[in-house]
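Structure record follows, encoded as structure tokens.
Number of protein chains: 2
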Amino acid sequence: MDLDVRRLRVLHEVALRGSVTAAAAALHVTPSAVSQQLVQLSREAGHELVERAGRGIVLTPAGQVLASHAREVLGAVEQAVAGLAALRDGVSGTVRVGAFASAAGALVARRPPAPGRSTQSWTYG
Amino acid sequence: MDLDVRRLRVLHEVALRGSVTAAAAALHVTPSAVSQQLVQLSREAGHELVERAGRGIVLTPAGQVLASHAREVLGAVEQAVAGLAALRDGVSGTVRVGAFASAAGALVARRPPAPGRSTQSWTYG
DNA sequence: CATTTTTACGACCTTCGTAACGATG
DNA sequence: CATCGTTACGAAGGTCGTAAAAATG
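Chains as they are written, first to last, in numbering that gives the first Met the number 0: chain A, 0 to 124; chain B, 0 to 124.
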């Protein structure tokens, strides 16, 4: 039981758009896939996350709580991806820090890695 | 490409323990599985994350950066799980907020949900 | 009856362990 | 040569789409 990112994204999208169909369209999958992921996620979470309301669905309180946490997780993942992209573009990194020290410093508004330390993580982007 | 939580946990464990074998033991899987997950993760990340150093391995700078972000993601997931557990134990939730208002207030050291709002997330545990 | 969600089912993909191999001190 | 990491490969499990069914206004 690991609360997979993919499933959390599904829940987030359902919460955001208010329907399985709309979430499926946004995620470029079928409503069937979204529905199945929700079943699996609620099994993992130990709570019913959505319930039918008329022709659509609404999130249960547990679903709203988990959706809120899902946004945190997705944000952290997004930051990780941004960190890798920054690394790829040479904003950070061992070798290029010296070459781009001043430019990087202005860009990130943070101190560059201390000399002698081969790597250091700081705010990028 | 979604930077799966399971794979980030593998990287974190490798970073923490300094070897594939030790990480595999901690995760109750074989070194083969850890090695394959690292290959897949580095493919997704677009960076080499580890490199052989003598008989063991060391993280590359990119690996260290991603491992740092992995800790953020894992922390967020952990909070989500804690949130669900708290919900299951009745610390939060729509119906029980009124009944346990003062106890919950003391327990969480935060204001309880405003009356009239059916749900609200705040610090628990 | 149109729309939305869910379920049954099969094809495809992923992941793991075993076993063999390669690398290193 | 003992130990650590990687690769080949097959079995087991997971995920998705199609199609059919169920629910609702």
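Cβ atoms here follow ideal geometry from the backbone N, Cα and C, with glycine treated the same way.
Buried or exposed: which applies to residue 5 of chain B, given that a residue is buried once 16 or more other Cβ atoms fall within 10 Å of its Cβ? exposed
Check for me: the alpha helix (DSSP H) holding residue 43 of chain A runs from which residue to which? 30-44
CA-to-CA distance, residue 7 of chain A to residue 71 of chain A, given in whole angstroms: Spanning the two alpha carbons is a distance of roughly 10 Å.
Nearest CA to the CA of residue 11 of chain A: which residue from A:37, A:28, A:29, A:1? A:37
Residue 61 of chain B to residue 30 of chain B, Cα distance in whole Å? 22 Å
Identify the contact partners of residue 78 of chain A in chain B, using a Cβ-Cβ distance below 8 Å as the criterion. The contacting residues are 68, 71.
Roughly how many angstroms separate the alpha carbons of residue 18 of chain A and residue 1 of chain A, rounded to a whole number? Taking the straight line joining both Cα atoms gives about 25 Å.
Residue 89 of chain B versus residue 35 of chain A - alpha carbon distance: Near 27 Å, if we compare the C-alpha coordinates of residue 35 of chain A and residue 89 of chain B.
I'd like the span of the alpha helix (DSSP H) that includes residue 83 of chain B, first residue to last. 60-87
In whole angstroms, what separates the C-alpha of residue 66 of chain A from that of residue 52 of chain A? The straight-line gap from Cα to Cα measures roughly 18 Å.
Is residue 75 of chain B closer than 9 Å to residue 75 of chain A when the C-beta atoms are compared? yes
CA-CA distance, residue 68 of chain B and residue 16 of chain B? Taking the Cα positions, residue 68 of chain B is about 17 Å away from residue 16 of chain B.
Taking Cβ to Cβ, would you say residue 23 of chain A is nearer than 9 Å to residue 14 of chain A? Cβ distance not < 9 Å, so residue 23 of chain A and residue 14 of chain A don't count as in contact.
One question on the structure: do residue 64 of chain A and residue 86 of chain B come within less than 9 Å of each other, judged by their Cβ atoms? yes
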